[in-house]
Structures are given as C-alpha cells and as structure tokens.
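Written out below as structure tokens is the structure these notes cover.
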Amino acid sequence: MSLTDSYTNCLKTMYGLRRFGIKLGLSTIRRILNGLGSPRDRMAFIHVAGTNGKGSIASALAAILHLSGYKVGLYTSPHLVKFNERICINGRPISDENVVACYEAVKSVHYGEREPTFFEFATAMAFYEFGRQKVDWAVIETGMGGRLDATNIIKPALSIITNISIEHKEYLGNTIAQIAGEKGGIIKKNAPVVTGVKQKNAISVLKTIAQSQSSRFYRFGETFRVRRNQNQTFNYYGIENVWRNMQTGLIGRHQIDNAAIVLAACEVLNTIRTNLPLAKIKQGLMQNRWPGRLEIVSRTPLVILDGAHNLIAARNLAKYLYENLSDRNITLVIGILDDKPYAAMLKSLLPLCSRAIITAPQIDRALPPKALHKVARQILSDITIIPRVNSAVQHAVETASPHDVVCIAGSLYVVGEAKETLEKIPHL
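Going by my numbering, the sequence shown opens with residue 3, and the numbers climb by one from there.
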C-alpha cells in the first residue's frame with residue numbers, strides 16, 4: 003500500500019472514532035500511554051487551558067523556546083486544513099509518514115474497556131511522536147476543560163489558564179466558578195500557574211486550587227500588566243522585569259493581553275530551568291503566526307479569516323472591524339456550530355456588515371443555515387444562504403469590489419474549509 007493510501011486510511015479510521023463523541027476521563031489515555039512505554043516521562047511540559055487564546059499563547063511559547071535552542075513539540079486542536087497541523091515539532095507539522103507511524107503505534111496498543119475517542123487517539127499520537135523525536139519541551143493545549151481532558155495526563159513544569167467564559171455547559175458546568183474548577187484541574191503540585199482570568203469568583207477558585215497544590219499563582223492585572231503605546235507596541239510590567247516597546251505579530255487588541263501571558267510565562271520559565279534571552283523572546287513574539295485568527299490572506303479585496311468560534315472571540319472580531327474597517331463595506335461569511343450562542347454572536351458582528359452570506363461547515367455539529375437566517379434577517383437586510391463553505395467563499399470574493407472587506411468567521415471548521423478554497427483562487 004502506498005504512503006498516500008496508508009495516510010488516507012488511517013485518518014479515515016480516526017475520523018470514524020468521532021462517532022463515540024466526547025468522553026471525558028483519563029483511564030483510557032493512561033492505558034494507551036503506558037502501552038507505548040510512557041513517552042510523557044521523557045520531556046518537560048507546558049499545559050495551556052482556557053476559553054480563548056490557547057493556541058496563540060501556545061504557539062508563541064513554542065516559537066520562543068525553539069529560538070532559544072530547545073527542541074519543541076506543540077500539540078493543538080482543531081486543525082484547519084490538514085491533521086498534521088495538530089502535531090508540530092520546531093514549528094513544522096509532522097510528515098504524513100510520521101502520522102502513519104504514530105497511528106500504527108497507538109493502534110497496536112490494547113485499549114481496554116472501550117475504543118478511544120478521536121481526541122484521545124490524536125493525543126496519544128502526539129505524545130508518542132514527541133517521545134520518539136526526543137523533544138526537550140512539549141507545549142500542550144487542552145481540548146476541553148482541563149481536569150478530565152485527555153491531555154491532563156501530564157505533570158507540567160508550568161500551567162497556563164488563559165481566560166474563562168461559559169462554554170460546553172453539559173460537560174464543564176453551568177457557572178463560571180464550576181468551569182474554573184474544571185480548567186483549574188491542570189494545576190499540579192509545585193508547578194506555577196499563569197492566568198489571564200478576570201472574574202472574581204473564577205480567580206478565587208483558581209487561587210484555592212493553586213494553594214492546595216503549593217503552586218505559585220501569577221495573574222494578569224495583579225502580578226503583571228501591560229500598557230499599550232500609540233505605535234502598535236506595548237510596555238510589559240512583569241513579575242520581576244519591565245520590558246518596553248514589545249510587539250506581537252498577531253493582530254487585534256486582545257492579542258496584547260495574550261502576549262502579556264506569554265511574557266509572564268517566559269519570566270516564570272527562566273526561574274525554573276530554561277534560558278530564554280530577551281532578544282529571543284522579542285523575536286518569537288514578533289514572528290509568531292497563528293492561522294485563522296485575524297489572518298489576512300488577501301489585500302484586494304481584503305480577505306480576513308477569524309475563527310471567532312464563541313461569543314468572546316466574536317466580540318473581539320467585532321471590535322477589530324469597528325476600530326479598523328468601519329469605513330469599508332464588509333461582507334461576512336459565517337457558519338456556527340450548534341453548541342454556540344449564535345444569536346449573541348450574530349448581534350455582535352452583523353451590525354458592522356453591509357451583507358452576510360450564511361453557510362455551514364461539513365461537520366455534523368454545524369447549525370443549519372436556516373436557523374442562523376431566522377436571527378440574522380432581523381439585524382441585516384442583505385443576506386444570502388449558500389450552504390457549502392467553498393461556494394460561499396467563492397461567491398463572496400467574486401462579488402466584492404477591490405476596496406471591500408470579506409470576513410470569514412464563526413467556526414474554525416469554516417475557516418479551515420475557506421482556507422482550502424482560497425488557496426485555489428489564483429488572483430488572491
């Protein structure tokens with residue numbers, strides 16, 4: 003069988019595991035990793051949880067560690083175009099050949115009582131590959147929550163909890179405090195915690211967990227802060243350092259808050275066992291790219307991709323559009339998943355747009371366009387339904403004038419399908 007066939011077949015089998023849905027718990031992943039020779043015991047970990055900003059922060063830290071001379075694994079989800087994006091080493095997705103090798107290794111292990119879910123299988127593959135490639139550091143993004151997430155099988159040197167909002171209520175709880183308790187499950191004995199959480203009740207929960215684990219607790223707005231400058235730079239007032247005229251390569255005001263968490267993490271890491279020079283920290287922060295988050299893929303017309311997959315992210319996108327592009331005609335191409343507060347998301351975004359194209363990604367959790375249309379038509383008159391993302395994107399670009407803006411948002415799955423389509427449009 004050719005490598006292409008093997009790669010296609012193994013992914014087909016893995017995607018088939020999605021029928022088992024989400025099963026939170028650690029027994030299956032523990033059994034698989036023990037069967038693989040406990041690869042997680044061979045490297046140092048940074049564990050990142052939170053509602054928004056996980057990927058941006060994780061990728062920046064991975065870039066800084068790599069520039070500072072370490073071999074670094076980065077595990078994130080979901081992927082946008084290709085599965086390999088989930089498992090990166092030194093900034094590069096692993097090869098198709100290595101995906102197949104990891105798949106075969108995990109498949110050969112006896113699972114026990116039940117089949118692993120897709121996420122458990124992918125997580126085991128990532129840890130196996132990081133162990134095989136002998137990475138020094140692995141930066142790991144949680145899938146959902148923290149306490150019972152498949153990634154929470156590790157003992158991190160540092161835990162990061164970006165922020166918290168109400169999400170996945172059926173799995174994580176109905177209140178901010180309950181969700182904070184779940185995400186705080188990644189805090190481990192004597193491992194410091196850096197967080198950007200702002201709500202008092204969530205901070206109280208996280209502080210209590212940190213105290214019970216004898217973990218030092220560093221909070222944005224309390225132990226470290228930022229001040230924005232006029233020229234897109236910011237000053238960082240840290241735990242022990244003041245770093246002026248810092249800059250992030252990612253667009254949006256919220257990315258400065260994410261950058262502050264990255265810088266605090268670097269300060270903490272430098273007190274543990276790393277050597278992250280300021281020049282490398284600045285370079286990594288500036289060079290960091292995180293696809294599908296306020297990503298500009300064309301200038302004429304201006305085409306922006308932004309996952310904006312929950313209410314906070316939608317509000318951040320709306321703020322960016324209002325502050326930077328309110329003088330231009332904006333076409334919004336949007337599809338949203340069925341577990342998201344779609345009415346509130348549409349109310350944040352649609353008033354800024356001159357027209358909208360409603361679509362749906364090819365995933366069973368996608369909201370039918372008609373459901374979105376019911377809300378959208380009360381906010382905006384110029385609305386079209388084009389069910390397939392590729393057709394919706396093509397129509398938006400073809401009917402936009404050179405000065406217009408096309409913004410594609412609502413779900414990372416929409417952005418992933420749009421990326422594939424845009425790569426095939428020659429003039430962009």
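Quick reminder that beta carbons are idealized off the backbone N, C-alpha and C, glycines included.
### the stretch 249–269 touching the stretch 320–331, judged by at least three CB pairs closer than 8 Å
Judged by Cβ distances under 8 Å, the stretch 249–269 makes contact with the stretch 320–331, as three or more pairs qualify.
- Report the partner residues of Arg301 according to the DSSP bridge assignment. Leu304
Self-check item: Of the residues Lys171, Arg218 and Glu184, the one placed nearest Pro194, counting alpha carbons only
Solution: Here the closest residue by C-alpha is Arg218.
Per DSSP, which residues does Ser97 bridge with? Please list them. Paired residues: none, contrary to the question.
* Limits of the unbroken beta strand (DSSP E) element including Arg390 -> Ile385 to Arg390
- Query: How should Asp366 be labelled, buried or exposed, when 16 other C-beta atoms within 10 angstroms of its C-beta is the threshold for buried?
  - Reply: exposed
* In angstroms with no decimal places, state the Cα-to-Cα distance between Gly18 and Met127. => 16 Å
With a threshold of 6 Å on Cβ separation, who are the neighbours of Arg227 within its own chain once the five nearest residues in sequence on each side are excluded?
Tyr239
Check your understanding: Is it true that the stretch 127–143 meets the stretch 66–83, where meeting means three or more beta-carbon pairs spaced less than 8 Å apart?
Key -> yes
query: From Val407 to Val399, what distance separates their C-alpha atoms?
result: 9 Å
_Please classify Leu354 as buried or exposed, where buried requires at least 16 other C-beta atoms within 10 Å of its C-beta._
Burial call: buried.
*asked:* Taking a contact to mean a Cβ-Cβ separation below 8 Å, would you say Ile59 touches Thr164 in this structure?
replied: yes
Nearest to Arg88 (by Cα), restricted to the options Leu430, Pro428, Lys426 and Gly418 = Gly418
Since Arg216 and Asn192 should fall inside the 8 Å C-beta cutoff, what is the C-beta to C-beta distance between them, to a whole number of angstroms? Residue identity differs from the one stated: residue 216 is Ser in this sequence, not Arg. Indeed they touch by this definition, with Cβ atoms about 5 Å apart.
Exercise for review: Taking Ile24 as the reference, give the member of Ser8, Glu172 and Tyr113 with the closest Cα.
Suggested key: Glu172
Output the distance between the C-alpha atoms of His68 and Thr197, rounded to the nearest integer angstrom. 23 Å
Beta-carbon contacts of Ile306 that lie in its chain and below 6 Å, excluding the five residues immediately before and after: Apart from the 5 residues on each side of it in sequence, Ile306 sits with its Cβ closer than 6 Å to the Cβ of Ile298 and Cys409 in its chain, given in chain order.
field: Nearest to Glu184 (by Cα), restricted to the options Gln232, Gly52 and Val244
entry: Gly52
Please state whether DSSP places Arg357 in a helix, a strand or coil. strand
_Rounded distance between the beta-carbons of Arg317 and Ser356, thought under 8 Å_ = 20 Å between Cβ atoms; not a contact.
Going by beta carbon distance, what residues of the same chain come within less than 8 Å of Ser206, once the five residues before and after it are set aside? Ala179
* Roughly how many whole angstroms lie between the Cα atoms of Asn260 and Gly55? -> 6 Å
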